[in-house]
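What follows is a set of notes on a single structure, which appears directly below.
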Amino acid sequence: MNPKSSPKRSIPTTDDQSKASVVKHLRQFSNILDNAIRVPGTTYGIGLDPIIGLIPGGGDLLGGLLSAYIMLRAFRLGVPKEILVRMASNIATETLVGTVPVVGDVFDVAWKANVKNVDLLEDHVNSPQMGQKADRLFVIVLVGGLMLFILLISLVGIMILTFIYQVLRSLVAG
5 MNPKSSPKRS IPTTDDQSKA SVVKHLRQFS NILDNAIRVP GTTYGIGLDP IIGLIPGGGD
65 LLGGLLSAYI MLRAFRLGVP KEILVRMASN IATETLVGTV PVVGDVFDVA WKANVKNVDL
125 LEDHVNSPQM GQKADRLFVI VLVGGLMLFI LLISLVGIMI LTFIYQVLRS LVAG
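Numbering (our numbering), first residue to last: 5 to 178.
Put into structure tokens, the structure is as follows:
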């Protein structure tokens, strides 16, 4: 039988191997961000993302940039618009709820947007869904809007911290 006429391929193509390599890299990256440090006595992990998020002002922005990297790589792998929007909403949800003191920090540890986003990517790569492929302009607007949202949330957080500091300072001063 002629190998070119065979409908099944038993050997993965270079493209398939390349996609698998990218997904593996992103899985490792998401685990560093969301599961890097195991909680002793459990199977639960805490990653660098919630720790970075504790940095007032810039932590959420830096975490958002790291999360956006996964979205950009997913775009390059041909993920449809719908999945990219879901990825952005996972990041936005984590950022928005993450601004609530204490509750937000716990949520940030539990939500694991990066792992969720790599799961979405992996599902797509393993069984590609039909959908409208994203173009560069769409991704620029989506990621730019997400970064603007995260920046605004960070600025609101800084303003609240500044206000609390001023109130406490005036109470102590008398």
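Glycine included, C-beta positions come from ideal geometry on N, C-alpha and C. If you're wondering where the values come from, they're calculated on a predicted model, not measured in any experiment.
- Every alpha helix (DSSP H) of 4 residues or more that sits fully in the stretch 115-160 is shown, in chain order, as 117-130.
- Contact between the stretch 33-41 and the stretch 85-103 is not established, with fewer than three Cβ pairs separated by less than 8 Å.
- Collapsing the DSSP output to three states places Ile59 in coil.
- The distance from the Cβ of Asn118 to that of Ser34 is about 4 Å, consistent with a contact at the 8 Å cut-off.
- Where Gly102 is concerned, the enclosing alpha helix (DSSP H) starts and stops at 85-102.
- The stretch 56-63 and the stretch 149-157 do not touch, with fewer than three beta-carbon pairs separated by less than 8 Å.
- Within the same chain, Cβ atoms closer than 6 Å to the Cβ of Arg42 are found at Gly49, the five residues on either side in sequence being excluded.
- Between the stretch 123-142 and the stretch 65-84, the count of C-beta pairs closer than 8 Å reaches three or more; the two stretches touch.
- Using a 10 angstroms sphere on the CB of Lys28, the tally of other CB atoms stays under 16, which defines it as exposed.
- Exposure of Val104 is indicated by the presence of fewer than 16 other C-beta atoms within 10 angstroms of its C-beta.
- In the structure shown, Gly108 adopts helical secondary structure according to DSSP, grouped into three states.
- Taking each of Lys120, Val176, Asp53 in turn and checking the Cα distance to Arg31, the smallest one comes out for Lys120.
- The criterion of a C-beta distance shorter than 9 Å is satisfied by Pro54 and Gly102.
- The Cβ atoms of Ser158 and Leu69 lie no closer than 9 Å to each other.
- Here Gly49 carries a strand assignment [DSSP, helix/strand/coil].
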